[in-house]
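Visitor: Position 22 (the sequence shown) corresponds to 22 in the UniProt record's numbering; numbering is contiguous.
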Amino acid sequence: MASGATSVSTHILDTSIGRPAVGVVVELSVRSGPGAQWTAHADSLTDADGRCKDLPDLPEGTTHARLRFETGPYLTHAFFPEVAVAFAVEPGEHYHVPLLLTPFGYSVYRGS
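Laid out in structure tokens, this is it:
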């Protein structure tokens, strides 16, 4: 991460099996205010540790970010075919947003 840059990272843990969720498509979108349109910023794929390590820094002026996880193809019987998590960001901060996933539920939080 460049000095002063705002960044996002994530990982997915499949809590139904106690292992990382591998091969899940994750889309990062950004916007510049509460009423602004979302703009796709990057796509990634979770690795063997369930992590997306290649998401680029957020553009200057970003006030909100959104991670959309395509969980349907990963889970055999997904009640939630996708999970979208939007959150506010401040310039120069790093945001790690893990997803804890099961076939019938999920939880997210701001990690470190």
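In this text, a Cβ means the ideal position worked out from N, Cα and C, and glycines have one as well.
In angstroms with no decimal places, state the Cα-to-Cα distance between Pro34 and Val89.
Guide: Each residue's alpha carbon lies about 12 angstroms from the other.
Visitor: When the Cα atoms are used, what is the spatial distance from Pro73 to Ala65?
Guide: Using only the alpha carbons, I get a separation of about 23 angstroms.
Visitor: Does the Cβ of Gly105 have 16 or more other Cβ atoms within 10 Å, making it buried, or fewer, making it exposed?
Guide: Exposed, since its Cβ has fewer than 16 Cβ neighbours within 10 Å.
Visitor: Less than 7 angstroms separating the Cβ of Ile12 from some heavy atom of the ligand FMN?
Guide: Of the ligands one can find in the structure shown there are none, so the ligand FMN has no counterpart to examine.
Visitor: Excluding the 5 residues flanking Phe69 on each side, which residues of the same chain have their C-beta closer than 7 angstroms to its C-beta?
Guide: Contacts found: Ile12, Val24, Val26, Glu82, Val83 and Leu99.
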